[in-house]
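Okay, structure first, notes after.
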Amino acid sequence: SKNEAKLYDEFVDFPTWFSTLAIQDESVSYSDQKRIEGEEALKLLSLKHNSIDKIQNLVSLPNLIYLDLTNNKISELENFQGMANLRVLIVGKNKLTRIKNLECLNKLEILDLHSNLITNTEGLKPLLDLKYFFGNILE
């Protein structure tokens, strides 16, 4: 479709000096994320309100400090290697049931997992710098 072609062009022409990228209210899926891989200047990334069902191909983003994946279809927290400086992670309004795979996010300060189906907070223990957690824990 015309919208998909436009989205593809945006990724292909993505300037390496950009520090902020917001692609929202589109039909981005996890396969589209590979075009963001390795953008070392990127600090803020918003992919909210899309169709992403798996966190994938967001590697080699060493300067990323803010990642917003709100309102997608993500069921598992995974693949955060290469985001050592991430300080804010927002994955609200998804399909998460567990908090896990966050051990590599040593600098994470804010974690927002509101409107998911999480049953316990066991996965928060490795996050020593975490200052704020937002989420609904189902009993």
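Numbering (my numbering), first residue to last: 10 to 148.
Don't be surprised by glycine CBs; every beta carbon is placed ideally from N, CA and C.
Where the beta strand (DSSP E) containing residue i begins and where it ends
i      : result
Ser28  : Counting along the chain, Ser28 falls outside any beta strand (DSSP E), and DSSP gives it neither H nor E.
Ile127 : 119–127
Ile9   : Residue 9 is absent from the structure shown; the chain starts at 10 and stops at 148.
Leu76  : 75–77
Nonlocal neighbours in the same chain, by C-beta distance under 7 Å from residue i, ignoring five residues either side
i      : result
Leu133 : Ile108, Leu139, Phe142
For residue i, three-class secondary structure by DSSP
i      : result
Ile45  : helix
Leu53  : strand
Gly91  : coil
Leu136 : coil
Sequence-distant residues of the same chain with beta carbon closer than 8 Å to residue i, five excluded per side
i      : result
Glu118 : Arg96, Val97, Asp138, Leu139, Lys140, Tyr141
Where residue i falls, given that 16 or more other Cβ within 10 Å makes a residue buried
i     : result
Thr29 : exposed
Glu48 : buried
Lys57 : buried
For residue j and residue i, believed in contact at Cβ under 8 Å, the rounded distance
i     : j      : result
Val68 : Gly101 : No, Val68 and Gly101 are not in contact; Cβ-Cβ is about 23 Å, not under 8 Å.
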